[in-house]
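Asks:
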Amino acid sequence: MDVGMYKPDKGYLTVTASLFDERKIEPVGFFTHKEHKSYPGTGATHKRVSLPVDNAYRMLMFKCLTIDHSPDYLYDVIKIEEDNGKKVPFDLTIAEIAFMTLQKWRPYRERMRVAGNTVPFY
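Sequential numbering from 6 applies to the sequence shown in our numbering.
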């Protein structure tokens, strides 16, 4: 994973995974949520995160915590490979992931009414 695309001075990367037990993957079964790696990132870097292979992965989440930047400011490429690169099921940039997401799910918009002055509005 390439982190720090535009050399940020702050940011925090967290990799979490939702796992099933060794049974066949189905909606019923033991489901656990674990945080595997969390570290502060500064500057442009390449970080390799090794995940345990004892369970089947259903969902991987890559989260970044910044208030004033979008995820593409912190991430460039997320790549998942198996057996030291023999199989690469996922190798996309954040822009490609965002494009695929917008094709599948429409943007969500919520309208709200706010006061135009300092009078409290509830």
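Backbone N, C-alpha and C fix where the C-beta goes; we use that ideal spot for every residue, glycine too. From a predicted model like this one, the values you see are computed outputs, not experimental measurements.
Could you tell me the alpha carbon to alpha carbon distance between M6 and N89, rounded to whole angstroms?
Replies: Position 1 of the sequence shown holds residue 6. Position 84 of the sequence shown holds residue 89. For M6, the pLDDT reaches just 46, beneath the cut-off of 50, and the residue's location in the model is therefore unreliable, leaving the point undetermined.
Asks: For the alpha helix (DSSP H) holding D88, just list the boundary residues, first then last.
Replies: Taking the first residue of the sequence shown as position 1, residue 88 is located at position 83. Segment: none, D88 is in no alpha helix (DSSP H) and carries neither H nor E.
Asks: Buried or exposed for I83, going by 16 or more other Cβ atoms inside 10 Å?
Replies: By one-based count along the sequence shown, residue 83 stands at place 78. Buried.
Asks: Could you give the C-beta distance for I99 and D77, rounded to a whole number, given that I count them as a contact under 8 Å?
Replies: Translated into the one-based positions of the sequence shown, residue 99 becomes position 94. Translated into the one-based positions of the sequence shown, residue 77 becomes position 72. So it is a contact: roughly 4 Å between Cβ atoms.
Asks: Determine the extent of the beta strand (DSSP E) in which T71 is found, giving its start and end residues.
Replies: As a working note, residue 71 is residue 66 in the sequence shown. From DSSP, T71 is part of no beta strand (DSSP E); its letter is neither H nor E.
Asks: Taking buried to mean at least 16 other C-beta atoms within 10 Å of its own C-beta, is L79 buried or exposed?
Replies: The residue you call residue 79 lines up with position 74 of the sequence shown. That one is buried.
Asks: Using the C-alpha atoms, what's the distance from D59 back to L107?
Replies: Numbered from its first residue, the sequence shown carries residue 107 at position 102. Numbered from its first residue, the sequence shown carries residue 59 at position 54. Rounded to whole angstroms, L107 to D59 spans 33 Å at the Cα level.
Asks: With DSSP as the reference, label Y44 as helix, strand or coil.
Replies: Residue mapping note: residue 44 aligns to position 39 of the sequence shown, counting from 1. DSSP places Y44 in strand when its eight states are reduced to three.
Asks: Once the 5 residues before and after D96 are set aside, which same chain residues still bring their CB inside 6 Å of it?
Replies: The residue labelled residue 96 in the question sits at position 91 within the sequence shown. The answer, listed in chain order, is K84.
Asks: Taking 9 Å as the threshold (C-beta atoms), are V93 and E86 in contact?
Replies: Taking the sequence shown and counting its residues from 1, one reaches residue 86 at position 81. Taking the sequence shown and counting its residues from 1, one reaches residue 93 at position 88. Result yes, Cβ atoms of E86 and V93 sit closer than 9 Å.
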